[in-house]
Amino acid sequence: MLALALGLLLATLTVLGLDCVCRFGSDPEAARQFQRVAGGLGLGATVRPRWCFVNFDPRIEYCTCAEQPVPGGYCYCPEHTGTVSYFVAPPPDMARPNELESSGQ
Amino acid sequence: MNVYLNLFFAAAANLARYRLRSIVVVVCLVAICGPFVTGIAISEGVRADAAISVQEGADLYLTLDHFGRNGPVPLRYLRDFRSSPHITAVVPRIVGRAIASVVWPANEQRMDPELVVILGLESGRMDLAPWAPQRASAGTLRSGEVVIGSALAAHFGLQPGQELRLRVADVTMPFRVAAIFPGHATIWSAQLVSMNLDEAGKLFELPGYASDFLIYCRLGPGNIQAVRKDTLSILGDIPYRLQTKTGEVASYVDKGFRDQQGVFTVFFLVAFAVGIPALLIASGLGLSERRREIGICKAVGWQTTDVMVMVMFEQVLLSLIAACLATLASYVWVRIFNGVLVAQFFISELGSIAAFPVPARFGFAPLALAGLLCLTITLSGGLYTTWRLAARPPAEGIR
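Line order of the protein sequences matches chains A and B. To get the working numbering, take the position in the first sequence, counting from 1, and add 176. To get the working numbering, take the position in the second sequence, counting from 1, and add 794.
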């Protein structure tokens, strides 16, 4: 049993080490090339923004789903659940309109 | 030290002796930890791609502020921004949604229209060389041409040269596919249609506007602040919003993934740490066997702590084996079978079979977290029961 445990541990560490070095299944250079052209597009774990852009890329749009069907009511947007990323709108001091800028904050 | 070593070997021998029990526990733990490791690995993969998106993105993103939402920016401000000494480049960009469809000959099966992301960039910015090597001499995207994502191309069976129709409200425009983004670029290019800015403006019926300006600042301290002041002087009283690469955007990636990963881990830990002991207690699996075994140990002079340490070693070994097997199984599932049937739970809008390589990073952290999860489950299920059995008189256990 000890030999089995040690063998499995060694095999797993070898696979993980190789994966860290070789990065199978990913091509960072292609990703960089695309992002350089697009100017940075996409941040969250979704392929397309079916309801809103918040989980696709919060740079593009705040989630406005809390404004409908009942303004300020429950948010029905499925983009907020079910994936490994979740973005919330930044606090008001981070989303600074020019009034805040001009006051030097 | 020798005592503990002996207990460790006794634990290993116990696991081998009760092979069926060990196999059942390991299989259960692998079934629990497999999706957990997969989720963490995919989360890390998407996070790494998001980090590239931030690094290669602009220093500042400018949009107008319409009722607290991001609004389009008129292109007439472009010249003012480009004349700023603190700015190296300003790129107007249109990002939006449209419905894509393909018109096929009457005898061919029609595919359902697809929701796609539109990316409009200035003519000349989209160099086709990396995406269409055969077109390298032609340079950039021509009028009426688009570059489409790999998933979209797979859905419609499109090849370069074929026609794609895009619809936004009442406007429908035909385009010719010039190239296809490679599947391994990013998940966000999978359903993308990239075109010239002017054509995107016509499609959305907003010519002369961009959804945002990408502003690249000169290197050096204080330049971003200087650009903020320039923006204020150019736009005057018009409400606007500036997002900085190092501020808001970086915080999205950091917090957006970290929080969700934490919730995910806690959910798994609580659900199964509570569920497994409940199941074991309800079924009474292996309890009488364990009672006799502990009774005999106590009868030959073992202390309660010795019994508990041995059981703990058993569970450490089981957890180690299960965590390794779960990681290997998850690795094979994601890397070889491309996360079929499981990736859709972690990346939305993916479908049961992804048309591109699912991003995942199998570092050592998922293995360690899986080990910790297994240990929590087994310890919470076993230690209290063992302590109750070991604290009884030996005669009661042997009976």
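Cβ coordinates follow ideal geometry from the N, Cα and C atoms, glycine included.
8 angstroms Cβ cutoff, residue i in contact with chain A
i          : result
Val819(B)  : no
Tyr812(B)  : no
Ala844(B)  : yes
Asp1024(B) : no
Ala994(B)  : no
Asp1053(B) : yes
Gln1037(B) : yes
Gln953(B)  : no
Thr934(B)  : no
Trp982(B)  : yes
Ile888(B)  : no
Arg891(B)  : yes
Gln1109(B) : no
Within-8 angstroms CB hit, residue i to chain B
i         : result
Val223(A) : yes
Pro247(A) : no
Tyr262(A) : yes
Tyr238(A) : yes
Thr188(A) : yes
Met270(A) : Confidence at Met270(A) is low in this model, with a pLDDT of 48, below 50, so the placement of that residue is unreliable and no value is reported for it.
Val191(A) : yes
Val213(A) : yes
Cys253(A) : no
Gln281(A) : With a pLDDT of 38 at Gln281(A), under the threshold of 50, the modelled position of this residue cannot be trusted; read the value that follows with caution. Not an interface residue.
Pro273(A) : Reliability of the predicted coordinates at Pro273(A) is poor, the pLDDT of 49 falling under 50, and no value is obtained from them.
Gln244(A) : no
Cys241(A) : no
Helix, strand or coil at residue i [DSSP, three-state]
i          : result
Met989(B)  : strand
Phe1131(B) : coil
Glu1190(B) : helix
Gly890(B)  : strand
Pro247(A)  : coil
Pro881(B)  : First, the residue type needs correcting, since residue 881(B) is Ile and not Pro in the sequence shown. Strand.
Arg1035(B) : strand
Ser895(B)  : strand
Tyr798(B)  : helix
Thr980(B)  : coil
Tyr855(B)  : strand
Ser1142(B) : strand
Glu237(A)  : coil
Sheet register partners of residue i (DSSP bridge)
i          : result
Met967(B)  : Leu960(B)
His860(B)  : Arg863(B)
Leu913(B)  : Val889(B) and Ser988(B)
Ile974(B)  : Ile942(B)
Thr934(B)  : Asp921(B)
Ile1009(B) : Leu854(B) and Val884(B)
Tyr1003(B) : Pro868(B)
Glu908(B)  : Ala894(B)
Sequence-distant residues of its chain with Cβ nearer than 7 angstroms to residue i (five each side left out)
i          : result
Pro886(B)  : Leu869, Leu872, Glu916, Leu991, Ala1004 and Phe1007
Ala1148(B) : Asn1132, Gly1133 and Ala1137
Ala806(B)  : Leu1111
Residues near residue i in its chain [Cβ-Cβ closer than 8 angstroms; skip 5 each side]
i          : result
Thr1180(B) : Arg1084, Ile1088, Val1101, Met1102 and Val1105
Ile881(B)  : Phe875, Ile1009, Tyr1010, Cys1011, Arg1012, Val1021 and Asp1024
Val824(B)  : Ala1116, Leu1119, Ala1120 and Ala1123
Trp227(A)  : Cys241, Cys253, Pro254 and Glu255
Cutoff 6 angstroms; reference residue i; Cβ partners in own chain excluding five residues on either side
i          : result
Ser895(B)  : Pro907 and Arg959
Gln956(B)  : Val971
Phe1140(B) : Gly833 and Ile836
Are three or more beta carbon pairs between the segment 202–217 of chain A and the segment 844–863 of chain B nearer than 8 angstroms?
yes
Would the segment 806–823 of chain B and the segment 947–966 of chain B be scored as touching if the rule is three or more Cβ pairs under 8 angstroms?
The segment 806–823 of chain B, when compared against the segment 947–966 of chain B, does not touch it at the 8 angstroms Cβ threshold.
At least three beta-carbon pairs within less than 8 angstroms, the segment 796–816 of chain B to the segment 1118–1126 of chain B
Per the Cβ contact rule, the segment 796–816 of chain B is not in contact with the segment 1118–1126 of chain B (fewer than 3 Cβ pairs under 8 angstroms).
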